[in-house]
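Some notes on the structure that comes next.
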Amino acid sequence: MRFDRHMVTVVLSGLLLGFFGVMLSVWGNPENSGICVSCFIENSAGALGLHNNPRLQYLRPELVGFVLGAFASALYRREFRSRGGSAPLFRFASGFFLIVGCAVFIGCPIKLFLRFTAGDLTSLAGVAGLIVGVGCGLKGLAKGVELGRLSPSAAPRGSGLLAPAAFLIFLLFIFVAPSFLIASEKGSSAQHAPLLISLAVGLTLGFVAQGSRFCITGSIRDILLMGRRAPLLWGGIAFLAAALLANLSNGRFNPGFAGQPGSHQEYIWSFLGMGLVGWLSVLIGGCPFRQLVKSGEGDSDAALVVAGMFLGGALVQGWNIAATSAGVPLGGKIAVISGFLLVFAGSILLRERE
Amino acid sequence: MKLDRFDKILLSLLAITVVALVVYSARSFPEKTTAIETRSMERDLAAQARVGLLEKLYAPVTGAMQAGQKQEALLKLEEVNTRYPGEAHGFILKGEILYRMGILDGAAAGFVRGIKLNGDYIDKNSPFSKRNVIAILVEKSLPTALSAYKNSPSNPVLKENVANLNYLKSRLAGGCE
Numbered sequence: 436m437r438f439d440r441h442m443v444t445v446v447l448s449g450l451l452l453g454f455f456g457v458m459l460s461v462w463g464n465p466e467n468s469g470i471c472v473s474c475f476i477e478n479s480a481g482a483l484g485l486h487n488n489p490r491l492q493y494l495r496p497e498l499v500g501f502v503l504g505a506f507a508s509a510l511y512r513r514e515f516r517s518r519g520g521s522a523p524l525f526r527f528a529s530g531f532f533l534i535v536g537c538a539v540f541i542g543c544p545i546k547l548f549l550r551f552t553a554g555d556l557t558s559l560a561g562v563a564g565l566i567v568g569v570g571c572g573l574k575g576l577a578k579g580v581e582l583g584r585l586s587p588s589a590a591p592r593g594s595g596l597l598a599p600a601a602f603l604i605f606l607l608f609i610f611v612a613p614s615f616l617i618a619s620e621k622g623s624s625a626q627h628a629p630l631l632i633s634l635a636v637g638l639t640l641g642f643v644a645q646g647s648r649f650c651i652t653g654s655i656r657d658i659l660l661m662g663r664r665a666p667l668l669w670g671g672i673a674f675l676a677a678a679l680l681a682n683l684s685n686g687r688f689n690p691g692f693a694g695q696p697g698s699h700q701e702y703i704w705s706f707l708g709m710g711l712v713g714w715l716s717v718l719i720g721g722c723p724f725r726q727l728v729k730s731g732e733g734d735s736d737a738a739l740v741v742a743g744m745f746l747g748g749a750l751v752q753g754w755n756i757a758a759t760s761a762g763v764p765l766g767g768k769i770a771v772i773s774g775f776l777l778v779f780a781g782s783i784l785l786r787e788r789e
Numbered sequence: 161m162k163l164d165r166f167d168k169i170l171l172s173l174l175a176i177t178v179v180a181l182v183v184y185s186a187r188s189f190p191e192k193t194t195a196i197e198t199r200s201m202e203r204d205l206a207a208q209a210r211v212g213l214l215e216k217l218y219a220p221v222t223g224a225m226q227a228g229q230k231q232e233a234l235l236k237l238e239e240v241n242t243r244y245p246g247e248a249h250g251f252i253l254k255g256e257i258l259y260r261m262g263i264l265d266g267a268a269a270g271f272v273r274g275i276k277l278n279g280d281y282i283d284k285n286s287p288f289s290k291r292n293v294i295a296i297l298v299e300k301s302l303p304t305a306l307s308a309y310k311n312s313p314s315n316p317v318l319k320e321n322v323a324n325l326n327y328l329k330s331r332l333a334g335g336c337e
C-alpha cells in the first residue's frame, strides 16, 4: 500500500461522504437518506413534474452540487474532456434499471452502507447482492463483455458541456423557481436539510469525488481485483468508519432487522435489486453517484446514464415499481427481472469473441 | 481558433437568443408568481376541502367516539364505509376505535391499511395525524406480539400482527419512501 496523494484524496472522499451522508439526515434529510442518489433522482424527477407522487417532489440541491462540483473540479484539474459514443442506448437503459434496482432495495449503494452503519441489518441482503453483482460483472468483463471504449473523437466537441449546463439550469430553478416546479409539503420530500448546506455539501462531495474517482461499486470492484493494494479499499473503510462514528455520536445507531426506516424484509428482492445495480455498474463503469460525477467532467455517455436514471426515477413511482416498508410490489419484481434480461442479453450481444 | 463568416453569424444568433431568453424569462415573472399562487391556492383549497368533507362524513363516528360509545362508533363507521369502502380515513378511524376497545391487533391492522393508502396519517404535521396513538400502540403491543409469535410461529394471525406492527414501526422511523 502506497500512502500517496491519490490515496489521501480517496480516503478524504470516503470520510466526507460517510460523515455528510449521516449529517445531512441530522440536519433535516429523511432518516438514513442523508445521501441517496436514487432517492434524490426520484425526488427531483417529481419536482420537475415527471411523476405525481405528492410525497416525493423536491429538487434536491445535493444532486445539482454533485454534478457542478465535479465540473468545477474537472476544470480546475484540467481534466474536463468531452468524450462518449460507446453503446449510448444500452447506457441509457442501464441508467433506468439502476434506479429500478435501487428502488426495489430502497436506496442506492451509498444509502445501502448508510443504512448498514445505522444498524439496519436488513441491508445485509443488499450488501451481499451488490458484492455478487459486482463479481458477476467482473467475470463478464474478463470474458470479453465490453461496451467499447470512450472516445473523444466519437463525441462532438463541447457535447460534454450539456450535462453541466442542464444542472446549471436546475441550480437556477432552485433559486428562481419556475411555475412548473413542484415541492412536496408532506412526506419524505418535505424533509430536507437547509438549502445552502445541502448545496455546499453536494458541491464539496462532487469536487472531491471527481479528483479521487471514489465510487462504492468501484471500491468493491477494486477490492475483488486487487485486495489490500486497492486505494479504494481504504476509501471504503474511511466511508464506513466515518458513517458509523457519525451515527453512533448522534444516537442514530439502532441495530435490528425489524422496523428500520425505509426498509423491507423481502431479502431475496433486496439481494436481486442490489445485484442488478452492482452488475450494471461494472458494465457502465460506476455506481449512480459516479455517473453523476462523470457527467460533470464531460462524459456524455455518463450523462445518458443520468438521463436514463431520471426516466427511471419518474417511472418507478408512476408504474408502482418502487418498494416501500410494506414490501416489493409485483411491478418492482417484474422490473428487476427485466433488468436482468437486459444484462444477460446485453452481455451476449456485446461480448467480444475471438 | 479562426472564426469564419458562418461562425460569426452563429455567434450573433447565439447572443440574440441569450438576450431573448433573458427578456422573456424576466417578462414571465408576474405570470409565474400568479401561477404559483394559483396552484398553492388550489392545493390548499383541496386539502381544506378534504379535511372538511371527512369531518362532515365521519361526524357521527367521531361523535360516538367522543361520547365513549365505541360499539356505536363501529356501527356508524360500517354505515359510512358502505358508501366509501376504500377511504383511508375509515381504516384509520377503525384502528383508533379498536385501540380504544383494547383490540390491539385489529387496531394495528386498521392503521396499516389506512397508512398504506395515505401516508399523511403518520406525518407529524398532518391535520389528521395519528402518529402519537400509533407510536403508543407499537410500543405497547410489539413486545407481547413478538413473544406470542415466538411461542407459536406457525400461527398466521400472530405472524401478520407482528408484520403489521413492524410496518408501523418502520413508518414511524421515517426514511425516504
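As given, the protein sequences belong to chains A and B, one line each in that order. In the working numbering, each number is its position in the first sequence, counted from 1, plus 435. In the working numbering, each number is its position in the second sequence, counted from 1, plus 160. A virtual CB, placed ideally from N, CA and C, is assigned to each residue, including glycine.
Just to confirm the assignment, what range does the alpha helix (DSSP H) spanning residue i have?
i                 : result
Pro245 of chain B : Segment: none, Pro245 of chain B is in no alpha helix (DSSP H) and carries neither H nor E.
Glu299 of chain B : 291 to 311
His441 of chain A : 440 to 461
Ile691 of chain A : Inspection of the sequence shows that residue 691 of chain A is occupied by Gly rather than by Ile. That residue, Gly691 of chain A, is in no alpha helix (DSSP H); it is neither H nor E in DSSP.
Cys571 of chain A : 558 to 577
Asn324 of chain B : 316 to 333
Gln226 of chain B : 219 to 226
Trp754 of chain A : Careful: Trp754 of chain A lies outside any alpha helix (DSSP H) and carries neither H nor E.
Cys471 of chain A : From DSSP, Cys471 of chain A is part of no alpha helix (DSSP H); its letter is neither H nor E.
Asp657 of chain A : 651 to 661
Asp167 of chain B : 165 to 187
Phe615 of chain A : Per DSSP, Phe615 of chain A belongs to no alpha helix (DSSP H) and is neither H nor E.
Asn682 of chain A : 666 to 684
Glu497 of chain A : 496 to 511
Cys537 of chain A : 523 to 540
Lys162 of chain B : That residue, Lys162 of chain B, is in no alpha helix (DSSP H); it is neither H nor E in DSSP.
Tyr702 of chain A : 702 to 719
Ile545 of chain A : 544 to 552
Ile769 of chain A : 765 to 785
By alpha-carbon positions, which one of the options ends up nearest to residue i?
i                 : options                                : result
Ser558 of chain A : A:Glu701, A:Gly733, A:Val472           : A:Glu701
Pro245 of chain B : B:Glu320, B:Val211, B:Leu217, B:Gln231 : B:Leu217
Ser449 of chain A : A:Leu746, A:Val567, A:Leu668, A:Leu459 : Checking the displayed sequence, the identity of residue 449 of chain A turns out to be Gly instead of Ser. Here the closest residue by C-alpha is A:Leu668.
Leu253 of chain B : B:Gly262, B:Asp265, B:Gly270           : B:Gly270
Leu727 of chain A : A:Met458, A:Gly453, A:Phe501           : A:Phe501
Arg656 of chain A : A:Val751, A:Ile719, A:Glu620           : A:Ile719
Ala267 of chain B : B:Ser286, B:Lys290, B:Ala175, B:Arg165 : B:Lys290
Ala665 of chain A : A:Ile783, A:Arg648, A:Leu679, A:Ala560 : A:Arg648
Gln645 of chain A : A:Val740, A:His486, A:Ser730, A:Gly561 : A:Ser730
Asp555 of chain A : A:Phe602, A:Glu466, A:Ile783           : A:Glu466
Gly469 of chain A : A:Ser654, A:Arg687, A:Leu524, A:Pro523 : A:Arg687
Ala553 of chain A : A:His441, A:Phe454, A:Asn755           : A:Phe454
Ser460 of chain A : A:Ala738, A:Lys768, A:Ala681           : A:Ala681
Ile257 of chain B : B:Arg187, B:Gly279, B:Lys162, B:Met225 : B:Met225
Ala248 of chain B : B:Ala233, B:Ala227, B:Gly279           : B:Gly279
Glu620 of chain A : A:Gly767, A:Ser773, A:Ala482           : A:Ala482
Ser185 of chain B : A:Val611, A:Phe779, A:Gly484, A:Ile783 : A:Val611
Could you round the C-beta distance between residue i and residue j to whole angstroms and report it? I think they count as a contact, below 8 Å.
i                 : j                 : result
Asn276 of chain B : Ala761 of chain A : Per the sequence shown, the amino acid found at residue 276 of chain B is Lys instead of Asn. Indeed they touch by this definition, with Cβ atoms about 6 Å apart.
Leu549 of chain A : Thr652 of chain A : Actually they do not touch by this definition, with Cβ atoms about 15 Å apart.
Ala637 of chain A : Leu498 of chain A : Rather than Ala, the amino acid found at residue 637 of chain A in this sequence is Gly. Yes, Gly637 of chain A and Leu498 of chain A are in contact; Cβ-Cβ is about 7 Å, under 8 Å.
Cys336 of chain B : Cys474 of chain A : 4 Å
Glu477 of chain A : Val751 of chain A : 7 Å
Ala738 of chain A : Ala538 of chain A : So it is not a contact: roughly 21 Å between Cβ atoms.
Indicate whether residue i and residue j have their beta-carbon atoms separated by less than 8 Å.
i                 : j                 : result
Asn464 of chain A : Ala635 of chain A : no
Gly753 of chain A : Val535 of chain A : no
Phe527 of chain A : Ala677 of chain A : no
Met261 of chain B : Lys236 of chain B : no
Leu494 of chain A : Phe605 of chain A : yes
Phe506 of chain A : Glu787 of chain A : no
Val457 of chain A : Asn689 of chain A : no
Ile545 of chain A : His699 of chain A : no
Ile658 of chain A : Trp462 of chain A : no
Ala305 of chain B : Val317 of chain B : no
Gly530 of chain A : Gly713 of chain A : no
Ala600 of chain A : Phe706 of chain A : no
Leu777 of chain A : Phe532 of chain A : yes
Ser735 of chain A : Gly570 of chain A : no
Ala577 of chain A : Ala749 of chain A : no
Val643 of chain A : Leu447 of chain A : yes
Gly568 of chain A : Gly662 of chain A : no
Leu332 of chain B : Ile282 of chain B : yes
- prompt: Are the segment 690 to 708 of chain A and the segment 574 to 583 of chain A touching, with three or more C-beta to C-beta distances below 8 Å?
  reply: no
message: Would you call the segment 512 to 520 of chain A in contact with the segment 615 to 624 of chain A, where contact means no fewer than 3 C-beta pairs closer than 8 Å?
response: no
message: With a threshold of 8 Å, are at least 3 pairs of Cβ atoms found where one atom belongs to the segment 619 to 633 of chain A and the other to the segment 519 to 535 of chain A?
response: no
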